[in-house]
Structures are given as structure tokens and as C-alpha cells.
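A short write-up of the structure that comes next.
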Amino acid sequence: NVKADTPTDNVPVVKTTNPTTGDANAELASQEKAAQAKDNGNYGYLDSAQVVNNNDLHVSGWQATNQAAGKDNRYLVAYDSTTNTELGRTSVTESVARPDVAKAYPDVVNAKDSGYQATMNNLDWSKVKSVDDQIHIVSRYSDAANGEGNRVDNWSQPINLDKGNYAYLDNFGVKDNQLQVSGWNATNKALGKANHYVILYDRTAGHEITRVKVEPTVRPDVAKAYSQVINAKDSGFNTAFSLAGIDLNHELQIISRYSDAANGDGNYVSYWYAPQKFAPANTSNQGSLDSFNLSNGQLIVSGWHATDYSQVENNHYLILFDNTNKTQVKSIKVTNVARPDVAKAYPTVATAGQSGFNANFGTVNLISGHSYSLVSRYSTLDGGNGDNGQSKTTDYWFNPVTLDQQASYVDSFTKTDKGYNVKGWMVSDQSINKPNAYLILLNDGQEIARTKVELTDRPDVAKVYPSIYNSQKSGFNGEFKVDPTKANGNLKVIMQFAGDDA
1 NVKADTPTDN VPVVKTTNPT TGDANAELAS QEKAAQAKDN GNYGYLDSAQ
51 VVNNNDLHVS GWQATNQAAG KDNRYLVAYD STTNTELGRT SVTESVARPD
101 VAKAYPDVVN AKDSGYQATM NNLDWSKVKS VDDQIHIVSR YSDAANGEGN
151 RVDNWSQPIN LDKGNYAYLD NFGVKDNQLQ VSGWNATNKA LGKANHYVIL
201 YDRTAGHEIT RVKVEPTVRP DVAKAYSQVI NAKDSGFNTA FSLAGIDLNH
251 ELQIISRYSD AANGDGNYVS YWYAPQKFAP ANTSNQGSLD SFNLSNGQLI
301 VSGWHATDYS QVENNHYLIL FDNTNKTQVK SIKVTNVARP DVAKAYPTVA
351 TAGQSGFNAN FGTVNLISGH SYSLVSRYST LDGGNGDNGQ SKTTDYWFNP
401 VTLDQQASYV DSFTKTDKGY NVKGWMVSDQ SINKPNAYLI LLNDGQEIAR
451 TKVELTDRPD VAKVYPSIYN SQKSGFNGEF KVDPTKANGN LKVIMQFAGD
501 DA
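Spelled out as C-alpha cells, the structure:
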């Protein structure tokens with residue numbers, strides 16, 4: 001083949017017409033016959049071929065031959081000689097003037113109008129098995145309207161498709177208890193590889209964690225930027241991975257893969273995105289419980305829990321755990337509050353300044369004598385207690401509290417006309433399941449009277465004993481009705497909580 005001396009861009013387009021008179025036909029036939037006797041060669045060259053609009057082939061070139069006599073239908077055919085399949089054809093209705101070709105081949109009648117420029121927009125790229133397939137542009141003159149029949153072909157050199165592998169990761173992060181991934185991967189190397197997988201790879205451990213087959217999402221922005229890439233328009237992906245089995249302290253990497261195998265293996269082309277580590281640089285885990293308050297019969301807690309894992313595990317829970325029964329009593333989700341004191345104490349913990357909590361568990365089912373722990377948990381899961389077996393959590397267990405405390409005091413003990421009046425306060429964790437308060441009067445160790453009392457507010461006692469159950473309601477003012485003759489020895493008042501009226 002001979003390459004043209006003059007490029008085909010910006011040259012005049014000459015519409016091919018057929019002579020309309022018998023004399024003209026006879027003259028043309030005479031010219032072609034004379035020229036054919038001199039030169040019966042078939043000459044041509046593909047000047048350029050490139051993918052445009054992510055599907056079409058824009059081609060230009062020329063074909064000059066006296067064998068085109070009587071073959072007035074001109075076609076361009078895209079043919080994959082590796083798979084022996086036609087990808088599509090386009091009719092050439094207008095020829096391009098090529099004075100350079102006419103000069104090179106003066107004995108070829110159609111040389112001066114042998115050029116072509118066309119956009120082939122009906123191609124079936126699914127027939128291509130590889131970007132390395134030998135794809136030719138066939139220039140054809142035919143005597144049939146569909147391009148078949150008697151014809152003369154000129155086969156171009158194989159065309160070169162763009163072999164770049166282009167990609168970008170738009171999002172790679174933990175959200176809604178999943179590792180969410182979105183981005184795009186556009187490459188002509190995906191030809192013949194219809195299965196698109198997104199693979200999660202543990203770079204630290206050096207192995208694949210899992211993979212998921214994805215359906216393409218439309219990316220017009222990528223199509224516009226890479227018009228020469230056939231799959232660019234449908235190069236997007238959006239998927240998510242379960243956090244189960246994932247170590248956020250490891251470097252994790254996303255791989256986009258196009259494969260000819262249903263399982264993602266076989267022949268494939270991969271793009272490895274930059275690895276990412278989700279664990280914080282500072283992995284410390286600190287906390288303190290400022291208050292465990294049961295004074296009003298409800299559990300109110302305050303304290304702080306500072307760890308930069310909360311940047312990823314951004315759901316905060318407080319859990320009350322019964323150490324004696326080894327069961328969870330209750331969990332609540334909380335919103336953190338500012339703790340500038342903690343930020344000052346732990347300046348290298350980025351989240352320390354917003355690590356505080358003040359929370360009310362309300363009325364909880366407690367058992368006197370049991371040991372309880374408050375657990376602060378940061379989790380990737382929004383729901384329950386933050387742990388569904390697949391979530392990532394960071395816990396801090398505060399020192400346990402055992403509900404076995406009690407205290408009391410007699411403020412006054414005075415004789416009355418009917419006996420004695422006693423005032424004071426009484427608190428005990430036994431009141432959790434023994435709500436009835438009694439005062440018992442002993443004379444030399446023998447009970448001589450008892451009275452049930454209704455406890456009243458004593459904020460002073462609650463302030464001193466906040467962790468004893470219902471210490472706010474601890475005051476009493478009781479009357480003992482007793483025969484003075486029986487109270488003639490050493491008197492003693494016993495304060496007692498009972499489950500039933502005694």
C-alpha cells in the first residue's frame with residue numbers, strides 16, 4: 001500500500017455521481033477499459049482510525065483501483081480477523097478528492113476521487129475478544145446495494161486501539177456498618193471481558209478478603225474525558241463490603257477487574273487503587289467514669305471515653321452489664337459532649353475534646369448484691385448495642401460497682417406523750433427489691449415497737465451517697481407508740497428495708 005502524500009483533512013468532498021447520458025457512459029467505460037489495460041492494481045491506505053464517542057470509529061483514507069468499474073456502491077467494513085467476524089459496515093455516499101493519489105496513480109480512473117472520511121457508528125464491539133485482536137478497515141467497491149455481490153476490497157493495516165487503563169476511586173470509607181466503595185475504571189483492555197469485579201485486598205496480610213461482581217453505572221463525565229475508550233460510559237461502580245473479617249488496622253486496597261470468566265479469574269485486566277488504612281494514627285483508648293448515680297431510682301451516668309477510633313466507629317453506646325449474671329441489662333445510644341479538660345490531658349487524641357457523656361438509663365432492672373459495669377462503646381453500627389457480629393467496635397470497661405452499700409443516721413430521738421419520736425435517714429441497695437422502710441425499737445436487745453415510715457427527700461444524703469439506690473428518698477420521721485414501763489433499759493433503733501409489710 002502507498003501512503004498518500006497529502007493529508008485528507010480539509011480537502012474538498014466530491015459527491016460521486018453516475019453519468020446520465022449514453023454518450024457519457026460509453027466514454028467513461030472507454031476510459032476505464034483503456035486504463036485497465038495499463039493498470040489493474042488495487043491501491044489503498046488507511047490514513048487514520050480512532051475511536052470516538054466511546055463506540056464509533058472515525059476513519060479516513062483512500063482506495064484507488066480500475067477494478068471498481070461497474071461497482072458503484074462503496075462501503076467501509078470493520079473486520080476482526082482474529083475472530084473472523086465483521087463488526088459492522090458503513091456506506092460511503094460521498095468521496096473525497098485526492099489529487100495526491102491521482103498524481104501517484106495517473107492510470108487509475110477513480111484515483112482523483114478515491115478518498116473517504118466516515119464515522120462508523122453501528123459497530124458491535126462485543127464480538128471483539130481482546131484489545132489485541134487484529135481489526136482491519138476494509139475499503140470496498142461493490143455492484144450490490146448491500147456491499148456484497150461482486151466486489152473489490154482493500155484491507156488496511158491493523159488499527160491500534162488505546163490500551164491505557166484509566167481509573168479513579170471516588171469514595172472508599174466506612175459508613176452504615178459497611179465498607180463502601182465507588183469509582184470508575186475505563187479501559188479498552190476490557191474488550192472480551194464482560195465480568196466486572198471489585199475486589200477487597202488486605203495489603204498488610206497479602207491476600208484477598210472478598211470480591212463482588214458489579215453492574216456498570218453510567219459515567220457521562222468519564223465518557224467525555226475518555227471518548228477513545230469504548231467502555232468509558234459504563235465504567236462506574238458502586239458497591240459495599242461487610243466489615244466481618246476486615247481488620248481496619250491493616251492497609252486495605254481496592255482492585256477493579258474485568259474478566260472473561262464468571263468468577264473473575266481467567267483472563268483479566270486489573271486496576272489497583274492506592275491502599276488506605278482506616279485505623280487512626282493514635283490507637284490509644286482512655287476513659288473515666290465520673291458518676292454512677294442511682295439516687296433518684298434511675299441510673300444516671302457521666303464520664304468520658306476518648307479514642308480516635310471514634311472517627312470511624314462514630315456511633316456511641318453506653319451499656320450496663322451485670323457481671324454477676326454475665327448479661328447485658330440495657331444499652332442506650334448517646335451523643336457526645338464537650339470535655340475541654342480531657343482534650344488538655346490528652347492533646348494527641350484528636351477526638352478528646354468531644355469525648356464526654358451524660359446519660360440517663362431511666363429505670364433499670366437491678367438486683368441487690370450484684371456487680372455491674374458500665375461499658376462505653378464506639379461502633380460502626382447504628383442500632384442495638386452497636387454489635388451485630390459484623391460491626392467494628394472499641395469498648396472501654398469502667399470499674400465495676402457492687403450494689404451492696406448501705407448507710408443511716410439518727411438525727412434526733414425524743415420522748416413524746418405516747419412514746420418516742422425519731423428523725424433521720426436510711427439508705428440501702430437492698431431497697432431495690434425491698435421497698436418498705438421500717439424503724440424498730442429495741443430495749444436491751446428486745447423489740448418493743450416498730451413503725452413503717454414513708455421516706456422523704458434528703459438531697460444532702462443523695463449528694464453524699466449518689467451511688468446507693470434511691471438515696472434521694474431517704475429521710476424519715478417516725479413515731480414509736482410504746483408503754484414507758486417497757487422502755488426502761490438500753491434503747492436502740494434499727495432501720496430496716498423489707499419486701500413485704502412486716
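FYI, the UniProt record's numbering numbers position 152 of the sequence shown as 152, with every residue one higher than the one before it.
Idealized CB from N, CA, C, for every residue including glycine.
Computed from a prediction, not measured in an experiment: that's the story for all the values here.
For residue i, three-class secondary structure by DSSP
i	result
Ala118	strand
Ala487	coil
Asp411	strand
Thr21	Bear in mind that the predicted position of Thr21 carries a pLDDT of just 41, short of 50, making it unreliable; the figure below should be weighed with that in mind. Residue state, collapsed to three classes: coil.
Val109	helix
Gly424	strand
Ser182	strand
Ala104	helix
Ile494	strand
Lys213	strand
Gly478	strand
residue 535	Nothing in the structure corresponds to residue 535, since the chain is present only between 1 and 502.
Lys3	Its pLDDT being 39, under 50, Lys3 is placed unreliably in this model, and the value from its coordinates should be taken loosely. Coil.
Ala352	helix
Thr126	A small correction: the amino acid at residue 126 is Ser; Thr does not occupy that position in the sequence shown. Helix at Ser126.
Ala190	helix
Ile448	strand
Lys330	strand
Tyr309	helix
Ser431	helix
Asn263	coil
Span of the alpha helix (DSSP H) around residue i
i	result
Asp460	459–464
Lys224	220–225
Asp341	340–345
Residue j beta carbon less than 8 Å from that of residue i
i	j	result
Gly287	Ser376	yes
Asn365	Tyr271	no
Val92	Glu86	no
Asp308	Pro275	no
Asn315	Lys333	yes
Val131	Asp153	no
Thr363	Gly297	yes
Trp62	Gly115	yes
Gln178	Phe241	yes
Val401	Val427	no
His136	Tyr45	no
Between the CA atoms of residue j and residue i - distance to the nearest angstrom
i	j	result
Ser291	Val312	27 Å
Asn84	Ser156	15 Å
Tyr226	His58	15 Å
Asn75	Arg203	Note that residue 75 is Tyr in the sequence shown here, rather than Asn. Using only the alpha carbons, I get a separation of about 53 Å.
Asp162	Thr351	48 Å
Tyr258	Glu215	12 Å
Ile440	Val410	13 Å
Lys38	Thr82	36 Å
Leu299	Gly206	48 Å
Ser256	Ser235	10 Å
Asp265	Tyr197	10 Å
Thr17	Ala104	Reliability fails at Thr17, whose pLDDT of 35 lies under 50, so the model's placement of it is uncertain and the value that follows must be treated cautiously. Roughly 23 Å between the two C-alpha positions.
Ala97	Pro220	37 Å
Lys193	Asn385	44 Å
Phe497	Leu403	15 Å
Gly88	Lys175	46 Å
Thr21	Thr90	Low local confidence applies: a pLDDT of 41 at Thr21 is under 50, so the model's placement there is unreliable, with the coordinate-based value given in what follows. For Thr21 and Thr90, the distance between alpha carbons rounds to 29 Å.
Ala24	Ala186	For Ala24, the pLDDT reaches just 47, beneath the cut-off of 50, and the residue's location in the model is therefore unreliable, leaving the point undetermined.
Asn388	Asn358	25 Å
beta-carbon residue i near the ligand MG non-hydrogen atom, thresh 7 Å
i	result
Gly389	Questions concerning the ligand MG fall outside what the structure shown contains, since it holds no ligand whatsoever.
Residue i versus the options, residue with shortest Cα-Cα distance
i	options	result
Thr217	Thr210, Gly183, Asn195, Leu248	Gly183
Phe398	Ser471, Leu318, Val329	Leu318
Phe278	Gly173, Asn195, Asp322, Ser428	Gly173
Tyr273	Leu289, Asn171, Asp322, Pro220	Asn171
Ala167	Ala223, Gln446, Pro459	Ala223
Phe415	Gly478, Asp176, Asp80	Reading off the sequence shown, one finds Lys at residue 415, where the question assumed Phe. When each option's Cα is compared against that of Lys415, the closest is Gly478.
Pro106	Asn358, Gly149, Thr335, Asn66	Asn66
Pro340	Asp132, Trp304, Trp62, Gly147	Trp304
Gln405	Arg98, Pro158, Ile432, Ala118	Ile432
Val325	Ile367, Ala244, Leu248, Val482	It should be pointed out that residue 325 corresponds to Asn in this sequence rather than to Val. Answer by Cα proximity: Ile367.
Phe480	Leu442, Leu455, Val461, Thr335	Leu442
residue 548	Gln228, Tyr141, Ser60	Any property of residue 548 remains undetermined from this structure, which presents the chain solely from 1 to 502.
N-terminal and C-terminal residue of the beta strand (DSSP E) that residue i is part of
i	result
Arg377	371–379
Ala438	For the sequence presented, residue 438 should be read as Tyr rather than Ala. Where Tyr438 is concerned, the enclosing beta strand (DSSP E) stretches over 436–443.
Gly173	165–175
Gly384	Note, Gly384: premise wrong, no beta strand (DSSP E); not H, not E.
Gln286	286–293
8 Å Cβ cutoff, residue i in contact with chain D
i	result
Thr324	Considering every chain present, this structure includes no chain D. It has just one protein chain.
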